[in-house]
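Chains as they are written, first to last, in my numbering: chain A, 1 to 331; chain B, 332 to 674; chain C, 675 to 964. Beta carbons: idealized from backbone N, C-alpha and C, even for Gly. Read through the structure below, which is laid out as structure tokens, and then see the notes.
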Amino acid sequence: MTVQTQHALLAVRDLRTYFHTFSGTVKAVNGVSFDIGEGEIMGLVGESGGGKSVVGFSILGLIDSPGQIMGGQILLNGEDLVTAGEDRLRQIRGREISMVFQDPMTSLNPLHTVGQQMDEVLRLHSDLDAAARRKACVEMLESVGISRAADRLGAYPHQFSGGMRQRVVIAIAMLAKPRLIIADEPTTALDVTIQSQILKLMRQQIAARGASMILITHDLAVVSEMADHITVLYCGNVVERGRTRDLIETPAHPYTRGLIDSIPDPANRHPRLKQIPGTVPDIRNLPKGCNFRDRCPRAQALCAVEEPQLRPQNASQWAACHYPLQPGDLA
Amino acid sequence: MSDALPILEVRDLKMHFDIGGGLLDRLKISGSGVRIDKPVVHAVNGISFSIRRGEIMALVGESGCGKSTVAKTIARIHQPTQGEIRIDGEDIASYGFAKMLPVRARMQMIFQDPYASLNPRQRVRDIVAEPLLQQTRTAEERKAVPARIEALLAKVGLSVEHGGRYPHQFSGGQRQRIGIARALSVMPGLIIADEPVSALDVSIQAQILNLMMDLRDEFGLAYLFISHDLSVVHHIADTIGVMYLGFLVETAPRDVLFSHPRHPYTRALLSAAPSIKERRDVDEITLNGEVPSALTLPSGCCFRTRCPFAWERCAQERPRLADVGGGQKVACHLVEEPDRDRP
Amino acid sequence: MTSFVQTEFFHNYRRSTSAVVGSALMLAFAFAVTAGPFLVDQNPYDIAALNLMDSYKPPVWLEGGDPRFLLGTDGQGRDVWASILYGARISVFIGLVAMIASCVIGTVLGLIAGFYGGIVDSVIMRIADIQLSFPSILIALFLMSAVGTGVDKVLIALTAVGWVVYARTVRGATLSEIKKEYVQAAKVAGLPNSKIIRKHVLPNVMTPLIVIATIQVGTFVLIEASLSFLGVGVPITQPSLGLLIKNGFDVLFSGLWWTSVFPGLAIMTLVFGINLFGDFLRDELNPRLK
Chain A
1 MTVQTQHALL AVRDLRTYFH TFSGTVKAVN GVSFDIGEGE IMGLVGESGG GKSVVGFSIL
61 GLIDSPGQIM GGQILLNGED LVTAGEDRLR QIRGREISMV FQDPMTSLNP LHTVGQQMDE
121 VLRLHSDLDA AARRKACVEM LESVGISRAA DRLGAYPHQF SGGMRQRVVI AIAMLAKPRL
181 IIADEPTTAL DVTIQSQILK LMRQQIAARG ASMILITHDL AVVSEMADHI TVLYCGNVVE
241 RGRTRDLIET PAHPYTRGLI DSIPDPANRH PRLKQIPGTV PDIRNLPKGC NFRDRCPRAQ
301 ALCAVEEPQL RPQNASQWAA CHYPLQPGDL A
Chain B
332 MSDALPILEV RDLKMHFDIG GGLLDRLKIS GSGVRIDKPV VHAVNGISFS IRRGEIMALV
392 GESGCGKSTV AKTIARIHQP TQGEIRIDGE DIASYGFAKM LPVRARMQMI FQDPYASLNP
452 RQRVRDIVAE PLLQQTRTAE ERKAVPARIE ALLAKVGLSV EHGGRYPHQF SGGQRQRIGI
512 ARALSVMPGL IIADEPVSAL DVSIQAQILN LMMDLRDEFG LAYLFISHDL SVVHHIADTI
572 GVMYLGFLVE TAPRDVLFSH PRHPYTRALL SAAPSIKERR DVDEITLNGE VPSALTLPSG
632 CCFRTRCPFA WERCAQERPR LADVGGGQKV ACHLVEEPDR DRP
Chain C
675 MTSFVQTEFF HNYRRSTSAV VGSALMLAFA FAVTAGPFLV DQNPYDIAAL NLMDSYKPPV
735 WLEGGDPRFL LGTDGQGRDV WASILYGARI SVFIGLVAMI ASCVIGTVLG LIAGFYGGIV
795 DSVIMRIADI QLSFPSILIA LFLMSAVGTG VDKVLIALTA VGWVVYARTV RGATLSEIKK
855 EYVQAAKVAG LPNSKIIRKH VLPNVMTPLI VIATIQVGTF VLIEASLSFL GVGVPITQPS
915 LGLLIKNGFD VLFSGLWWTS VFPGLAIMTL VFGINLFGDF LRDELNPRLK
């Protein structure tokens, strides 16, 4: 695929991650490609079953049986993580790439204090002595907005509220000064007022450290406020990607358009919402041709025969559609 | 219809949960001796509102604000601690099982979790028929049930064959349709919908919201719609109540609430909601901290611990929900002292 | 609907050696206890069929073995193989019936405790706790000495010991089920509590019981054997495998080992088969391991 690879920190090329289950092979990620530049935030959007979380786990090398990366490349500064050994991946995780998950309770160990968990990251990924590590931990907790940070190092995860826990997780993710942060639904479990605090915090932290981020979410509103670029997944394929404002304002793929129209718009209230008809097809048994054609208002004979490839639509947008929307089109 | 009885009227509803556990769990030994603890969650602390026939009233708020408890107390899954719940003027707050049964034909509920709200071991047609079968008295009525179930399935966009399947064979959106058919089976005038779309993907969410609107238009249903999502609420509701820590802090017709929110919490909620539109003007109010525990409510105003405007009065005096005109009611001292309304 | 052979359960079963071996052993025992009397010529409890001349014959492959008695004979000239087939009947019967009784009583009590909570729950669960704090064999011994011996007494003793595990499991499962919205939906639909428990809660708390019930049959066979060995189990007229071991034990060290070793091997094989299959069921039916 010929995309600009000039300053790509991470380049994913034709990634295929399959799960071999009793009832058939689930092609959770089926040929996904994208780039993330230095300091960029990329939103990975899609509905459940789109494969967005599997992309994140694949990058981190955390795909376990029955899952398997069947093909493609994940290039971090040119180094392919698909072929890298487990030892190398362990070095990369936490130091080069770190992660923030949806449920902070599952990513924090309930039996260790926050201080112990932070210290562990620094012991693994830095040469600081104990006093310097402690100082770094306190500074980091303060920078994510946790007051009395020195005291809170001795606290256990359950002593923090949901929002505070997510701040701790972000602090731990930032500790080793990673180049890339993968955030998988980081605010989905949080209330909207807490969500806005956490999103603001993540934006600040990313900008201050010049790190890049993959923001995986189902919430178009959240990515559109956070991301520079958006990649839309459907049934394990990239259906569209582009600069955030362009993609939101002039989506080229009917699925992207449908997603945007499904969100109730306070400024423009209609008695009925525009809806995408039908449901996501069974990914064990995908239709031939375009995966979206059964739900697509623009589908024609060609869509049942030939799978559309990702093609440039304009300077910043790519879409995988035989009959892409033009800026003036109504869906 | 303006002078007609509201289909639902709630007055000073309180719901407190005793979470003490057994006697042994309650014994607390402190310096002054042994005492028996009685921890109580103040889930709902005296709220009042009413819904007219065919009206959609939404309750919004964040997790732990008591909105789902209000829904489940009105549906009499819980026995209210205090207050009145009037359905067509009839107070059902203290009704027992037998007296509730006819009321259940007038009020039904749609649940949040499309997975947990359907018994995995029941066929769809049995799930949908359940409320109806409790209302049938004669063999003749019972004979009419299968045909009625088929019609209901068609009404919510499912087919007759779907009736013979089990819930796990359906997607989340289809399951929510089954739950709607179940609620609709007895032709109630009021449906309590507890976060009916929050577990669904956005494209499916739109399908379900449209279906609910269509059913309202066709059957003249009134909804009590519980949600945390302001854009959904804006789309569906006629009237909106904002809840915080078991209190109703503001209620207003939809357009009034979105254009002129008065309570600081409502304003904060509106400014925190993400939007796909170009970034709006700077956030009006940003909240710090988190919701206090419902085990020990703050004195005075429930919101004062996070409110950027709070002053002494807020700690001493609990604000009452006061009419400010235009159908809007606000529980905030700022209404009386508007010049303090600057951060 | 796919047929059973095409299910994932069957697929995993075929691939699990322990499950196949376990169920084969269980099937073999099921066959032995149903067809047992037709497999052997001698009825070991028909005194008239016994001949003291045949006493203490060793198994056929040893010197002095008699081709009529595959596994030798005991002091009364009883065929050990026939005794095992008849004894296994009693052992398996006791294990199954006690399991069913325990399961029914425990499930009902667990449902009531979990669903209604409060004082009912406290009373039932405290009794269960007390029950659990005694070794089960001690409770059985105590009961047997109070009410006497006999197959029915063994069944009572085993049930008194066995219901607790069902009650606790069902109560826990009930507590998590009644929080689910489908139970609340049933309430809103206007179902009375008895119907909610029967139609909604019970079918959804049954799965873990299958594993417990399977393994418990094995446990009960062992406890019954221990009781009989201690002389407080089944009467001499209905000798189970445990009683056979006891009878043979007296002469075990005189070199007449076969009278108790073969019944012992039979118990071991039976319990081993049950446990193998039970482990497989546990892995298959536990959603957390999947």
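query                                                                                                                                  : result
Endpoints, the beta strand (DSSP E) within which PHE34 (chain A) is located                                                            : 24-37
Beta-carbon proximity check, PHE946 (chain C) vs MET773 (chain C), cutoff 8 Å                                                          : no
The segment 288-296 of chain A in contact with the segment 548-563 of chain B per 3-pair CB rule at 8 Å                                : no
Inter-residue Cα distance where the pair is PRO650 (chain B) and LEU432 (chain B)                                                      : 38 Å
Any C-beta of chain B under 8 Å from that of GLY236 (chain A)                                                                          : no
Local conformation of PHE684 (chain C) per DSSP, three classes                                                                         : helix
Beta carbon proximity, GLU340 (chain B) to chain A, threshold 8 Å                                                                      : no
Complete alpha helix (DSSP H) runs within the segment 897-936 of chain C (minimum length 4 residues, chain order)                      : 915-923
Between the CA atoms of SER23 (chain A) and ALA940 (chain C) - distance to the nearest angstrom                                        : 40 Å
Beta-carbon contacts of VAL935 (chain C) that lie in its chain and below 6 Å, excluding the five residues immediately before and after : none
Contact with chain C by LEU325 (chain B), beta-carbon distance below 8 Å                                                               : For residue 325 (chain B) there is no data in the structure shown, the boundaries of chain B being 332 and 674.
Near-chain B residues of the segment 61-94 of chain A (beta-carbon distance less than 8 Å), N- to C-terminal order                     : none
Chain A within 8 Å of HIS493 (chain B), Cβ atoms only                                                                                  : no
Contact set between ALA603 (chain B) and chain A, taken where Cβ atoms lie within less than 9 Å                                        : ASP191, VAL192, THR193, ILE194, GLN195, SER196 and GLN197
Runs of alpha helix (DSSP H) lying entirely within the segment 832-883 of chain C, each at least 4 residues, in chain order            : 855-863 and 876-879
Three-state secondary structure (DSSP) of HIS338 (chain A)                                                                             : A query on residue 338 (chain A) cannot be resolved here, the shown segment of chain A reaching from 1 to 331 and no further.
Within-8 Å CB hit, ALA482 (chain B) to chain C                                                                                         : no
ALA537 (chain B) to GLY85 (chain A) span [Cα, whole Å]                                                                                 : 45 Å
Inter-residue Cα distance where the pair is ALA304 (chain A) and ARG293 (chain A)                                                      : 7 Å
Residues that DSSP places opposite ASN376 (chain B) in a beta bridge                                                                   : B:LYS345
C-alpha gap between PHE380 (chain B) and HIS499 (chain B), whole angstroms                                                             : 38 Å
Meets three-Cβ-pair contact criterion under 8 Å: the segment 233-242 of chain A and the segment 33-51 of chain A                       : yes
Length of the line joining the Cα atoms of THR5 (chain A) and THR83 (chain A)                                                          : Only weak support is given to the placement of THR5 (chain A): the predicted model assigns it a pLDDT of 45, under 50, and the value that follows is read from those uncertain coordinates. If I take the Cα positions, the gap works out to 20 Å.
Own chain residues within Cβ distance below 6 Å of GLY572 (chain B), not counting five before or after                                 : PHE380, LEU390, LEU579 and THR582
Neighbourhood of PHE101 (chain A) by C-beta distance below 6 Å, restricted to the same chain and skipping five residues each side      : SER107 and ASP184
Bounding residues of the alpha helix (DSSP H) (the contiguous stretch that carries VAL144 (chain A))                                   : Here VAL144 (chain A) belongs to no alpha helix (DSSP H), and DSSP marks it neither H nor E.
Distance between ALA787 (chain C) and VAL794 (chain C) (C-alpha atoms, nearest Å)                                                      : 6 Å
Own chain residues within Cβ distance below 8 Å of ILE144 (chain A), not counting five before or after                                 : Looking at the sequence itself, residue 144 (chain A) is Val, so the reference to Ile does not match. Closer than 8 Å at the Cβ level, and outside the excluded window around VAL144 (chain A), lie ARG167, VAL168, ILE170, ALA171, MET174, LEU201 and GLN205.
Through-space distance from GLY824 (chain C) to VAL734 (chain C), alpha-carbon basis                                                   : 34 Å
Start and end residues, beta strand (DSSP E) containing THR691 (chain C)                                                               : First-last for THR691 (chain C): 691-713, but that is the alpha helix (DSSP H), not the beta strand (DSSP E).
Beta-carbon separation (whole angstroms), SER757 (chain C) vs PRO718 (chain C), contact threshold 8 Å                                  : 5 Å
Where GLN205 (chain A) falls: helix, strand or coil (DSSP)                                                                             : helix
Within chain C, partners of LYS403 (chain B) - CB distance below 8 Å                                                                   : GLN858
Chain C contact for ASN541 (chain B) (CB, 8 Å cutoff)                                                                                  : no
Uninterrupted beta strand (DSSP E) stretches inside the segment 572-649 of chain B (no shorter than 3 residues)                        : 578-584
Below-8 Å beta-carbon distance, LYS177 (chain A) vs any chain F residue                                                                : Among the protein chains of the structure shown, namely A, B and C, there is no chain F.
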